[in-house]
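Protein chains: 2
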Amino acid sequence: MKEGTPRTIVSRRNRPAKAALSRDVIVAKALEVLERDGFSGFNLRRVAAALDTGPASLYVYLENLDELQALMLDSALAAVNLPKGQDLEWRSELKAFLLSYFRVLYERPGVAQIALSTIPTGPNSLRILELLLGLLAEGGVENAKAAWGADLLLLYVTAIAAEQSNWRAQKMVFERVKAALDNASKEEFPLIAAHHDTLISGGHDRADWALEVIINGMLFGGKQP
Amino acid sequence: MKEGTPRTIVSRRNRPAKAALSRDVIVAKALEVLERDGFSGFNLRRVAAALDTGPASLYVYLENLDELQALMLDSALAAVNLPKGQDLEWRSELKAFLLSYFRVLYERPGVAQIALSTIPTGPNSLRILELLLGLLAEGGVENAKAAWGADLLLLYVTAIAAEQSNWRAQKMVFERVKAALDNASKEEFPLIAAHHDTLISGGHDRADWALEVIINGMLFGGKQP
DNA sequence: ACCTGAACACCGTTCAAGT
DNA sequence: ACCTGAACACCGTTCAAGT
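Put into structure tokens, the structure is as follows:
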């Protein structure tokens, strides 16, 4: 949660309307702007405008736009449901954990796209990675492979969330892909034609299936069954 | 480098030096610029400059920058080694195929990053998808899951190629990640500390292992083994 | 038809000057 | 210390005018 500098209760009178700037205030407002305008409509100047100031003001608190996006991502990841205890078996906990991670990225337009171009190193990201390593170890994933496995799971969930939220956000993109598959020669690409509907289907089931695939694959340690 | 106004040696006769523009010429030159300047240094104006013209000229042949990037990606994918025949077993062919796909994206700085933000619908992309569906069918992957599986494989290979080529291209990024892991509290994140070296290791072995994991997982149809 | 100079509407970032 | 107007050095894209 982190509480920044405690509310300084400057209170009414003077002009309390203009909230004092701080990293936390900027990050929170930036996430609002991202949610409202989407990834393609997001930029520093709009964040500044939403804060009723000029873009130059933000550089007192931020190194650059990259740092802001990293802070936004970590802040958004606070919403991920962490595995609570030992109630469930490790496998169910792992899946629920990752699906929550998927949902957080998928449901907020733009956050998934930021995640794709930002390697997260904030406290919430570290907590997620640590818990993931623990669950894999509990599941008996070979020690040396647990690190690669955790990375594989996060990378894939991030990528599919970005792809699918992008399709939802930009219906034009989806229509173009669909049209390209429709127009593909059915003689030259018979399998694409046969799998047409499945290829462009998406949503929750697909992410769920993919997680099963990766988890099962890891349990065999990357060797042939 | 940039050489200001080019020495105007208009040379022999008319001025045949200035190669006639075309989509192919633009795409080829754009890939050169991408290779030379990297993804972050790539833009339309530099492509135009490399073609010795102004940016407006390109709009005779291109809808916009997105279309150029889609064409660049498909052009780069021509270098992927397609599975030749029935010499090898399907599994070896599948892995060699995907590793070639990985290498093409990984070895060209920037191409992998373009691939992440561009859904490929060009002829080379379609050919790759078609062949992939065929190999999975040959391997006995359940019909309805082959489409999702092909997409899963391509998505993951693309994502890991983009991540790793980005680390190589921007050592600063890598150093920052390494520093973040180093500085993480060893009491709060003991597993991250224990897996430190493996987490930041990369390269070929990692992609190879990940492919084994996904292929093995798919053979179980996403059900518990 | 193709090409292009010039302009438009933006960006992120810096800097000098204010408080 | 914080804030800000103004400017800088870019972008992608459009448009009118040329050939």
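Top line first, the protein sequences correspond to chains Y and R.
Quick note, the first sequence lines up with residues 1 to 225 if you use the numbering used here.
Quick note, the second sequence lines up with residues 226 to 450 if you use the numbering used here.
For each residue, glycine too, the CB sits at the ideal point set by N, CA and C.
Along the alpha helix (DSSP H) that carries residue i, what are the first and last residues, could you check?
i        : result
Arg271/R : Leu269 to Ala275
Ser317/R : Trp315 to Glu332
Ala419/R : Pro415 to Ala419
Pro123/Y : Pro123 to Glu138
Phe264/R : Premise fails: Phe264/R is in no alpha helix (DSSP H) and is neither H nor E.
Val141/Y : No alpha helix (DSSP H) holds Val141/Y; DSSP gives it neither H nor E.
Lys84/Y  : Segment: none, Lys84/Y is in no alpha helix (DSSP H) and carries neither H nor E.
Leu293/R : Leu290 to Ala301
Gly442/R : His429 to Leu444
Lys186/Y : Unbroken run through Lys186/Y: none, as it is neither H nor E.
Leu116/Y : Val111 to Ser117
With the cut-off set at 7 Å, would you say residue i and residue j are in Cβ contact?
i        : j        : result
Leu211/Y : Lys95/Y  : yes
Thr121/Y : Leu73/Y  : no
Gly38/Y  : Ala169/Y : yes
Tyr106/Y : Ala194/Y : no
Ala76/Y  : Val25/Y  : no
Val47/Y  : Tyr101/Y : no
Give the straight-line distance between the Cα atoms of residue i and residue j, rounded to the nearest whole angstrom.
i        : j        : result
Val80/Y  : Arg270/R : 42 Å
Trp209/Y : Val285/R : 44 Å
Arg248/R : Ala281/R : 14 Å
Val213/Y : Leu153/Y : 11 Å
Glu400/R : His421/R : 13 Å
Leu356/R : Phe445/R : 21 Å
Glu67/Y  : Ala340/R : 24 Å
Leu351/R : Leu181/Y : 8 Å
Asn183/Y : Ala303/R : 20 Å
Gly428/R : Val329/R : 14 Å
Glu188/Y : Lys171/Y : 27 Å
Gly359/R : Ile215/Y : 24 Å
Asn43/Y  : Asn64/Y  : 12 Å
Leu34/Y  : Arg91/Y  : 34 Å
Asp376/R : Trp167/Y : 15 Å
Thr5/Y   : Lys411/R : Its pLDDT being 31, under 50, Thr5/Y is placed unreliably by the model, and the measurement read from it follows with that caveat. About 26 Å.
Gly364/R : Glu318/R : 11 Å
Ala179/Y : Leu283/R : 25 Å
Leu71/Y  : Leu62/Y  : 10 Å
Val173/Y : Thr198/Y : 17 Å
Glu314/R : Ala255/R : 38 Å
Pro415/R : Pro190/Y : 51 Å
Arg261/R : Arg36/Y  : 37 Å
Measure how close the beta-carbons of residue i and residue j come, nearest whole angstrom, since I'm counting them as under 8 Å.
i        : j        : result
Ala362/R : Ala369/R : Contact doesn't hold; Cβ gap of about 11 Å is too wide.
Pro334/R : Ser390/R : 6 Å
Val402/R : Ile425/R : 7 Å
Glu257/R : Ala275/R : 7 Å
Can you tell which of the options has the C-alpha that lies nearest to the C-alpha of residue i?
i        : options                                   : result
Asp205/Y : Glu388/R, Gly374/R and Leu416/R           : Gly374/R
Ala253/R : Leu341/R, Gly279/R, Gln294/R and Asp376/R : Gln294/R
Thr279/Y : Asp182/Y, Gln113/Y, Ala20/Y and Glu93/Y   : In the structure displayed, chain Y extends from 1 to 225; residue 279/Y sits before or after that span and is not available.
Glu367/R : Gly442/R, Leu290/R and Leu256/R           : Gly442/R
Ser40/Y  : Gln113/Y, Ala179/Y, Ser92/Y and Ser185/Y  : Gln113/Y
Leu155/Y : Leu98/Y, Gly140/Y, Thr198/Y and Trp167/Y  : Leu98/Y
Ile128/Y : Ser185/Y, Leu82/Y, Leu58/Y and Leu88/Y    : Leu82/Y
Ala207/Y : Leu62/Y, Gly139/Y and Glu163/Y            : Glu163/Y
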